[in-house]
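Visitor:
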Amino acid sequence: MPLRERVDFMRVMFYAGYQAGVSYASHLASGMASMVDGETRKALEILARTLSDEAVNASLYLGRETFTTKYESDELLEILKSVKKEPQPSP
């Protein structure tokens, strides 16, 4: 997938770090859930699922922020083709 034309790399770095941190926190919460029982286990499992969902959302946002989709690429290609077909005024 091609990169977007104007990628804000500070935002990309922020969301990549955020996604990695949330993913790791989810992993830790699920690991801790296996060490305890009762209500604490249920709470940690819910926390792990919530953090996992947030990690997925962050990675989707990161992808949208960084890369163009197939549809967007095709749309941009059509715009470029139409611009090239228009006659250029002579100086």
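Numbering (the working numbering), first residue to last: 10 to 100. Yeah, the Cβ is synthetic: ideal placement off N, Cα and C, and Gly gets one too. Every value quoted in this text rests on a predicted model; they were computed, and no experiment measured them.
1. Could you give the C-beta distance for LEU60 and ALA29, rounded to a whole number, given that I count them as a contact under 8 Å?
2. Mind checking which residues open and close the alpha helix (DSSP H) that includes PHE23?
3. Within its chain, find whatever has a CB closer than 7 Å to the CB of VAL21; leave out the 5 residues flanking it on each side and keep chain order.
4. Taking LEU53 and VAL45 to be in contact with their CB atoms under 8 Å, please state how far apart those CB atoms are, rounded to whole angstroms.
Guide: In short:
1. Position 51 of the sequence shown, counted from the start, is the residue given in the question as residue 60. Position 20 of the sequence shown, counted from the start, is the residue given in the question as residue 29. Going by Cβ atoms, the distance from LEU60 to ALA29 rounds to 12 Å, so no, they are not a contact pair.
2. For the purposes of this step, residue 23 is identified with residue 14 of the sequence shown, where counting begins at 1. From DSSP, the alpha helix (DSSP H) with PHE23 extends over 18-42.
3. As a first step, residue 21 is located in the sequence shown; it is residue number 12 there, counting from the start. Contacts found: LEU71, GLU74, THR75.
4. What you label residue 53 is simply residue 44 of the sequence shown in a count that begins at 1. What you label residue 45 is simply residue 36 of the sequence shown in a count that begins at 1. Contact holds; Cβ gap of about 7 Å.
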